[in-house]
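In terms of numbering that gives the first Met the number 0, the sequence shown opens at residue 0 and continues consecutively. The structure appears right after this line, and notes come after that.
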Amino acid sequence: MDNTAPAPEGAAQKAPSAEVPAGWDEAQKGLAAASGLSILLVEGRQPPSLVIANNNSICAAFQSSPAHAHRCQPDCGEAYFRAAEAGETIHYRCHAGLHCFAMPVSIGTEKKLVVIGGRCFLRVSDYRALVERVRAGDLTELLSSDSFHNVVFAARQDLDELAARVAESASSFVKSPRVKEEAVRAGAQSEGGQPPVGGRGTTADAQAEATGVRPSAENGHGINVSEKGVTAKVGKPVTEDGGEIPTPGKVFVPEAAGGEKAEYAGEEAAFAQSRALPGGGSLEEACRKALRTLVKDYGVKSLALMLRADDTFYSACATGVFEKKPPRVALKPKEIKLLLAATHEESIAVPAAGRASSKHEEAIELFPLTVGEEIKGALLVGDKGLGEEKRGALASFCRDISMPLELLRLREELERRVRAATHLRAFTEVVNSALPEDAYTTILRHSAELLHAERGSLLLFDEGAQELSVKAAVGPRADVSRETRVRLGEGVAGAVLSEGRPAVVRDVSSVPGWQPAPAERSYKTKSFISYPLVIGGRKVGVLNVTDKAGGGPYDEVDLGLLDMIAPQMALALDRVEWRRKATQFQLLSITDPLTGLVNRRYLEERLSEELDRSKRHRFAMSFLMVDIDDFKNYNDTHGHQAGDLALEMTAQCLKTALRSADVAARYGGEEFSVLLPQTGPAEARIIAERIRRRIERTHFPHGKAQPTGAVTVSIGTSSFGPELDTPAEIIYAADRALYLAKSRGKNCVEALEPKTTKGEGEEA
């Protein structure tokens, strides 16, 4: 199949072609607006499209990405041909987990067209799988604020209903000249691509006749009621005072026709079974509004909404007695008693120590929050004497809010990754251009900005002295902070580095054995993060941040941001420190004196460290072997001095083509190697091509005398995976790929598939 990336299909589209009857685009937009789903009219491979309505932002991101557009070709790209061949509506699930239908239609034209509709998730597990691909680094290029702003969920019957309405509209559209005339006028009068809404006798009637959907008033839960019954949630949830609650980044949750609840296939409960979540645009605000609803409507006062973080729970928000003293839950999310309680929609009596109790009156009651068969959180109720009726109502409430909260959590995780990716790009650029004496302060300032910290410090570890010393500080009393030295294991910073675990403290006064800082230090808050920076188990330093802008506490969300940037920060610090030591002590034992690159021994040590980190954190990692083509001919013809200059120039090309976290080394002779941390196969190939082109376009003194008319390189790539999980295997695979590139004419990039890395390509 042709994997050539199609032309990007962005927001700005060409006017519909002559094949589309005038007015159909307005009718199509009306259907899309009423259903909340995507509708595209195509006359061949997609993209392009004749008419687009309410396109899914994930689809737009994939199809406009040169690196990923080819993934869509077997699905939406070929949907026209598969539907036309079938002669009927087909359903499919694309590589991103989105469900679609493709329907052959005739709209006043002899030429066959196809409508692609849906582009929605039917299961949260599909959405989580896409998030996991982002987390694993497979879709790094798609990380932007626009890619996930329009995440749509639906049920299978919603797709079937939309398909029926499209078929009805296509059929009735050509039978009613008045519809076409009114639709044309509607298009001239409306703005922003939104279908006009009016009373009887207006363009709304024409739209209803064409689409089968008539606009009508919303009920109190944001449900749009039409003549066909409950069709979709096209409005926003309404608060107790009648105001609109912002939807979570346009997560669209429709119900089935006729008011029936949607039944999702598989392990996930239906979104349509969830009441309108009493929450705002953020997870934190949604949690707070959920508790306010419980206090007002359920008559309970002391509540804590606990969310899952790996194998523990943390308090997202609390009321009553829990507000002053945040609760701690000793139960683990995977304990069978929690799963049983969730299955039977019951509570568990949990005393403060976390041991189960048989008497509800003597303990805090815990109501699990589940998605599928996973515990995602818990509601703690400290009120005494709950009756069975109220327990049932609380259990039902927890069931209803679990999935919307999980969606908000997933969306915020993506937003954090977008934010961290943007920060990393800026971080890399600034660190690369910073003077050595400014590097520590630059790293600290960018980290503090990411975490909205008004105060912070960066400490580096001296292995010989076994102590930490402050290299940079920002905020009040920064000069005093720079004089601080901390022994390993002592104080907060010394303890977190010794144990290798970060400390996230919401309120230092609530931690047993810890005391707030003296008043003269003028801290604004009692919350801080102390984060250890390590590389492959080797201690590098500690980052401390406090005094969060706005006065709020630091939490697991902030810790997640640091988890994403800390590896790059540690590498940058290690590089800065290495450069400082190299200048001070002339550590030539790890560098190649000719090219200035690190040598093979250092690279192999770094490869081993990076591989261990990739295994622990499930990071991607790639490796390149680079060899100058026909170098022996160059060296023999023009002399060793010319050969040495060619090696130096090649090394300089590598330096300028790589990112700050990448490690380039002279592997031996005319062969170089490159370690690419947190880089998947697709991105590694892009980087390798960038290196190849840069060297090919560089003017070498005797380049024109080479067989190809220029100095060129061949590059082999390999990537960490199940079949390549040792340094030797990764180097071997890249070396085999390099020989394959040589055998295929040189001046190219090749990568062997995992199954061929230990046999195929030997003859090259």
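Positions of the beta carbon are idealized from the N, C-alpha and C atoms, including for glycine. A quick note: this is a predicted structure, and the numbers were derived from the prediction, not measured.
Asked, Found
"Buried or exposed: Glu387, going by 16 or more other Cβ atoms within 10 Å of its Cβ?", "exposed"
"Only counting runs of 3 or more residues, tell me where the beta strand (DSSP E) segments fall wholly within the region 80-130, in order along the chain.", "89-92, 98-104 and 112-119"
"From Asp628 to Arg418, what does the alpha carbon distance come to, in whole angstroms?", "41 Å"
"Whose C-beta lies closer than 8 Å to the C-beta of Gly391 among residues of the same chain, with five residues either side of it excluded?", "Glu344"
"To which residues of the same chain is Ala548 closer than 8 Å at the C-beta, ignoring the five residues directly before and after it?", "His451, Ala452 and Glu453"
"CA-CA distance, Ala231 and Cys397?", "In this prediction, Ala231 scores a pLDDT of 29, lower than 50, which makes its location untrustworthy; the coordinate-derived value is nonetheless stated afterwards. Rounded to whole angstroms, Ala231 to Cys397 spans 23 Å at the Cα level."
"Are the region 153-162 and the region 106-122 touching, with three or more C-beta to C-beta distances below 8 Å?", "yes"
"Please report the residue range of the alpha helix (DSSP H) in which Ile694 lies.", "Pro680 to Arg696"
"For the putative contact between Thr318 and Lys331, defined by C-beta atoms under 8 Å, what is the C-beta separation to the nearest angstrom?", "Not quite, the Cβ-Cβ distance comes to about 25 Å (not below 8 Å), so this is no contact."
"Looking at the structure shown, is Pro517 part of a helix, part of a strand, or coil, going by DSSP?", "coil"
"For the alpha helix (DSSP H) that contains Pro726, what are its first and last residues?", "Pro726 to Ser742"
"For Ala275, count the other beta carbons within 10 Å of its own beta carbon; 16 or more makes it buried, fewer makes it exposed. Which is it?", "For Ala275, the predicted model reports a pLDDT of 36, less than 50, meaning its position is unreliable; a value from the coordinates is still stated below. Per the 10 Å Cβ criterion, buried."
"Please classify Ala656: is it buried, with 16 or more other beta-carbons within 10 angstroms of its beta-carbon, or exposed?", "buried"
"Using the Cα positions of Gly708 and Leu602, report the straight-line distance between them to the nearest angstrom.", "32 Å"
"Starting from Leu675, follow its DSSP beta bridges and name the residues at the other end.", "Ser621"
"Alpha carbon to alpha carbon, what distance is there between Glu373 and Lys336?", "13 Å"
"Looking at the structure shown, is Thr655 part of a helix, part of a strand, or coil, going by DSSP?", "helix"
"Hey, Ser621 and Ser742: beta-carbon distance below 8 Å or not?", "no"
"My assumption, with CB atoms under 8 Å, is that Leu669 sits in contact with Phe699. Please give the rounded CB distance.", "Looking at the sequence provided, one finds Glu at residue 669 rather than Leu. Not quite, the Cβ-Cβ distance comes to about 13 Å (not below 8 Å), so this is no contact."
"Looking at Leu368: is its Cβ nearer than 8 Å to the Cβ of Leu378?", "yes"
"Are the CB atoms of Thr573 and Ile528 nearer to each other than 8 Å?", "According to the sequence as given, residue 573 is Asp; it is not Thr. Not a contact, by the Cβ cut-off of 8 Å."
"Who are the Cβ neighbours of Arg287 in its own chain at under 6 Å, not counting the five residues just before and after it?", "Cys316"
"For the ligand NAD, is there any heavy atom lying closer than 7 Å to the beta carbon of Lys333?", "Absent from the structure shown: the ligand NAD. Ligands present: none."
"Which residue spans inside the region 442-510 form an unbroken beta strand (DSSP E) run of at least 3?", "452-461, 466-473, 484-486 and 502-504"
"Less than 6 Å between C-beta atoms, sequence neighbours within five positions excluded: which residues of the same chain meet that for His422?", "Leu449"
"Who are the near neighbours of Arg684 in its chain, counting only those whose CB is closer than 8 Å to its CB and skipping five residues on each side?", "Thr716, Val748 and Ala750"
"Measuring CB to CB, does Pro780 end up less than 8 Å from Leu606?", "Nothing about residue 780 can be reported from this structure: the residues present for the chain run from 0 to 763 only."
"Candidates Gly638, Ser64, Leu293 and Ala425: which alpha carbon is nearest Ser395's?", "Leu293"
"Since Val294 is in the alpha helix (DSSP H), which residue starts that stretch and which ends it?", "Leu282 to Tyr297"
"Look up Lys538 in the DSSP assignment and give the residues it is bridged to.", "Val533"
"Excluding the five sequence neighbours on either side, which residues of its own chain have a C-beta within less than 7 Å of the C-beta of His701, listed in chain order?", "Tyr633, His637 and Ala641"
"Along the alpha helix (DSSP H) that carries Ser168, what are the first and last residues, could you check?", "Arg155 to Phe172"
"Distance, Cα to Cα, Pro475 vs Tyr522?", "9 Å"
"Just to confirm my understanding: we take Ile363, look at its own chain, exclude 5 residues before and 5 after, and list those with CB closer than 8 Å. What are they?", "Pro326, Ala348, Val349, Pro350, Ala351, Leu379, Val380 and Gly381"
"For the putative contact between Asn55 and Ala32, defined by C-beta atoms under 8 Å, what is the C-beta separation to the nearest angstrom?", "With 8 Å as the limit, Asn55 and Ala32 do not qualify as a contact, their Cβ atoms being about 14 Å apart."
"Cα-Cα, which of Ser64, Glu84 and Phe100 is closest to Leu39?", "Phe100"
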